[in-house]
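To start, the structure under review is shown below, and the notes come after it.
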Amino acid sequence: MREVTLSSGETVEVECLSCAITNGWIEPEGGVVYETDYFHAHQDVAYPVRGLFIIASKRHIKSFDELTEKERIDYVNVLAKIRKTQRDTLGIEYVYYFYNEDTTHHFHTWMVPRYDWMYEFVRSIESVRPVLFHARNNMNHKENMEEVKDAIDLLKKELNK
Ligand SMILES: [Zn+2]
Numbered sequence: 000m001r002e003v004t005l006s007s008g009e010t011v012e013v014e015c016l017s018c019a020i021t022n023g024w025i026e027p028e029g030g031v032v033y034e035t036d037y038f039h040a041h042q043d044v045a046y047p048v049r050g051l052f053i054i055a056s057k058r059h060i061k062s063f064d065e066l067t068e069k070e071r072i073d074y075v076n077v078l079a080k081i082r083k084t085q086r087d088t089l090g091i092e093y094v095y096y097f098y099n100e101d102t103t104h105h106f107h108t109w110m111v112p113r114y115d116w117m118y119e120f121v122r123s124i125e126s127v128r129p130v131l132f133h134a135r136n137n138m139n140h141k142e143n144m145e146e147v148k149d150a151i152d153l154l155k156k157e158l159n160k
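The sequence shown begins at 0 in numbering that gives the first Met the number 0 and counts up one residue at a time.
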C-alpha cells in the first residue's frame with residue numbers, strides 16, 4: 000500500500016492508484032472525462048492544472064508490449080481524440096506526453112498542457128516537475144480549481160457527444 004495525495008489535499012492509501020481510479024474505488028476530481036472499453040481518462044488527481052489528463056488502461060499492466068492489438072489501436076485513438084479536444088475547446092497549443100513503465104501504478108500516460116506561465120520555470124522537459132509542484136503547492140485555490148473543473152466539464156461534454 001502506498002499513500003497518494005489528491006488535488007484536494009486529502010491522502011488515500013491504495014495498492015495501485017490506476018486500478019483504484021479505473022475501477023471507480025476513488026472518484027477523480029471531476030469524475031471520468033472519457034472512457035472506452037480499454038482506457039479511462041481523468042484529470043490528474045494530484046495536480047490542479049487545467050486540461051492535465053491521465054489516460055490509464057483498464058487492465059493492470061505495466062509495459063507497452065503488454066497491450067493487445069485492440070488496446071494499442073484504442074490507445075492511439077483515445078490520445079488523438081483528447082488532444083484534438085484540448086486544442087479545440089481549451090485552446091491548448093502544446094502538450095507533453097509522459098509514460099514510464101517503472102511506475103508504482105499501472106499503465107497510464109500523462110498529457111501535460113504547456114501554458115505560458117510554465118515558461119518562467121527552466122526550459123522544456125526539465126520544467127515539468129517544478130511546474131507540477133508549483134501547481135500542487137500554489138494553485139490549489141478556489142479560482143484555479145474552478146477553472147480546472149470548468150475545463151473538465153467542457154472536455155467531458157465535447158468528448159462524449
Ligand atoms: Zn492497477
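Just so you know, even glycine gets a beta-carbon here, dropped at the ideal spot from N, CA and C. Given the structure is predicted, the values throughout are model-derived calculations rather than measurements.
Where S56 sits in the DSSP three-state scheme: strand
Closest Cα partner of F52 within the set R58, E34, E65 and K61: E34
Three-way DSSP call (helix, strand, coil) for E125 in this model: helix
Contact under 8 Å by Cβ, I81 with P112: no
Simplified DSSP state of V48, which is helix, strand or coil: coil
Check whether E2 and E14 have beta carbons under 8 Å apart: no
Three-state class that DSSP yields for M144 in the structure shown: helix
Terminal residues of the alpha helix (DSSP H) in which T10 lies: It is not in any alpha helix (DSSP H) - T10 instead sits in the beta strand (DSSP E) that spans T10 to V13.
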